[in-house]
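Novice: Please find one structure pasted underneath; my questions will follow.
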């Protein structure tokens, strides 16, 4: 078995207790970018070892505000870029190209 686990965009991220913290939206040279659920407490890299924060950050500060329009969740195809609303649920595959690489996407 491989010691390294492959994590792809659209996969949920969980804490030790199994609570979903957010969804992977991409990767950088430093690690992963994650769209964080509103109820998650933000912790900086320096404070992550202690589990404590020196300041309380309002999660809504990271969401699109009225100056950018309202933010909402959609689905997005990683292969062709097609997007759609979640009114009919999360699709198993992209209706445009048939790819199964469909992720949750926050749009404003």
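Residue numbers (the working numbering): 55 to 162.
The C-beta atom is built at its ideal place from N, Cα and C for all residues, glycine as well.
These figures come from a predicted structure and were not determined experimentally.
I'd like to confirm the pairing. Which residues does DSSP put opposite residue 86 in its beta bridges?
Specialist: Residue 86 is bridged to 81.
Novice: Measure how close the beta-carbons of residue 77 and residue 61 come, nearest whole angstrom, since I'm counting them as under 8 Å.
Specialist: No, residue 77 and residue 61 are not in contact; Cβ-Cβ is about 11 Å, not under 8 Å.
Novice: From which residue to which residue does the beta strand (DSSP E) around residue 131 run?
Specialist: Per DSSP, residue 131 belongs to the beta strand (DSSP E) from 126-131.
Novice: According to DSSP, which residues form a beta bridge with residue 161?
Specialist: Answer is 126.
Novice: Using the Cβ count rule (16 or more neighbours within 10 Å means buried), how would you classify residue 151?
Specialist: Looking at its Cβ environment, which holds fewer than 16 other Cβ atoms inside 10 Å, residue 151 is exposed.
Novice: On the DSSP bridge assignment, give the partners of residue 42 in chain order.
Specialist: Because the chain here runs from 55 to 162, residue 42 falls outside it and cannot be looked at.
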